[in-house]
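Numbering of the sequence shown is given in this note's numbering, commencing with residue 6 and proceeding in unit increments. Note that beta-carbon positions come from the ideal geometry of N, C-alpha and C, so glycine has one too. All figures in this text were calculated on a predicted structure; none of them were measured in a lab.
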Amino acid sequence: MIFGMIMPMRPQPGDGFEWIDTPGGSALVCRALEPFAAHLFTTREWALGSSHGPDSNGSAAWTPVANALGASPSQLARLHQVHGATVVVKRAGARHDPTELADADILITDDPELVVAIQTADCVPLLMADPKTSVVAAAHAGWRGLAARVPEVAVNALVQHFGTRPSDLVVAIGPSIGAARYEVGEEVRKRFEGSGITSDCLHGWFPAVTREDHWLFDSWQSALDQLEAAGVPSQRVHSAGLCTSEHTELFCSYRRDGKRAGRMAAAIRVGYHT
């Protein structure tokens with residue numbers, strides 16, 4: 006149920022994603038990622054989906070997320086997301102304080118006791134798993150994060166800290182705002198122009214002019230191209246292909262709902278399965 010209404014119809018996701026029902030609400034899982042790491046992408050039905058504001062950090066709202074992956078709230082690792090590309094590494098055996106929220110947008114770990122999670126309300130959520138080294142990552146990438154190369158930075162961090170080979174990774178791109186509803190202005194395009202991307206990427210990521218000095222922005226393509234540039238084969242990247250702005254009753258969207266928008270979680274845990 007959402008705000009006392011009947012549960013909305015669930016659209017067909019793309020590329021191997023499937024809907025599941027949990028005590029917390031409907032969620033998406035990526036079948037290609039599932040054999041290597043328990044994970045999920047939540048929806049507006051969850052308690053977090055009715056938590057307003059960018060902080061949305063009440064433990065009660067996050068408890069169902071941890072529980073869905075067989076963990077307690079004390080085993081949940083999160084961030085104070087700042088639309089950048091800073092990485093936090095959580096190593097197995099190290100001290101973990103769930104109340105400490107570092108200013109960062111990428112979490113990586115080899116600790117099977119931890120669930121790592123990020124929150125979104127239009128931005129791209131990325132979940133990654135390395136079947137060979139048993140490490141996982143959760144990353145948050147809005148347009149600022151994509152301009153800062155979050156997908157590439159996350160892959161490179163796994164390489165640097167845990168010896169991951171990019172070709173071994175499996176990556177899931179969860180629901181986020183689609184290009185058809187993502188108009189951006191000159192500031193955004195100039196940020197990408199200044200980041201050194203190729204002209205082919207620039208045209209691909211900004212596929213249409215909507216009005217003077219405004220373009221549509223394809224964050225899904227940007228994330229995919231950056232992952233490929235970091236060495237992840239395209240066939241190992243899976244996208245839900247669902248727009249958060251379009252599906253009003255199912256997903257949270259800041260662009261659609263503004264400050265009253267709730268949040269959705271993307272969470273992953275090394276090798277745990279119910």
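Open item on the list: Tell me which residues share the same chain as residue 158 and place their Cβ nearer than 7 Å to its Cβ, disregarding the 5 neighbours each side in the sequence.
Closed with: 90, 92, 111
Task: Beta-carbon proximity of residue 181 to residue 127, cut-off 9 Å - done: yes
Open item on the list: For residue 269 and residue 184, what's the separation of their Cα atoms in angstroms?
Closed with: 19 Å
- [ ] Give the C-beta separation of residue 114 and residue 140 to the nearest angstrom, bearing in mind that I take them to be a contact with Cβ-Cβ under 8 Å.
- [x] 7 Å
- [ ] Output yes or no for whether 9 Å exceeds the beta carbon distance between residue 120 and residue 155.
- [x] no
Open item on the list: Alpha carbons only, please: which of 224, 31, 39, 264 is nearest the one belonging to residue 135?
Closed with: 39
Task: Pair within 9 Å by beta-carbon distance, residue 271 and residue 124 - done: yes
- [ ] Determine the closest residue to residue 103 out of 83, 188, 145, 212, with distance taken between C-alpha atoms.
- [x] 83
Task: Complete beta strand (DSSP E) runs within the segment 138 to 192 (minimum length 3 residues, chain order) - done: 140 to 146, 175 to 178, 188 to 190
Open item on the list: Whether or not the segment 207 to 226 and the segment 255 to 266 are in contact is what I'm after, with contact meaning three or more pairs of Cβ atoms, one per stretch, closer than 8 Å; do they touch?
Closed with: no
Task: Selection from 152, 33, 78 that minimises the alpha carbon distance to residue 200 - done: 152
Open item on the list: Quick check on residue 250: buried or exposed, where buried means 16 or more other Cβ atoms within 10 Å of its Cβ?
Closed with: buried
Open item on the list: Suppose the cutoff is 7 Å on Cβ atoms and the five residues either side in sequence are ignored; what does the same chain contact list for residue 241 look like?
Closed with: 174, 175, 176
Open item on the list: My output table needs one value for residue 80: the three-state DSSP class, helix, strand or coil.
Closed with: helix
TODO: Since I believe residue 122 is in contact with residue 178 (beta carbons under 8 Å), could you give me their beta-carbon distance rounded to a whole number of angstroms?
DONE: Not really, about 16 Å apart at Cβ, beyond 8 Å.
Open item on the list: Can you look up residue 53 in the DSSP assignment and give me helix, strand or coil?
Closed with: helix
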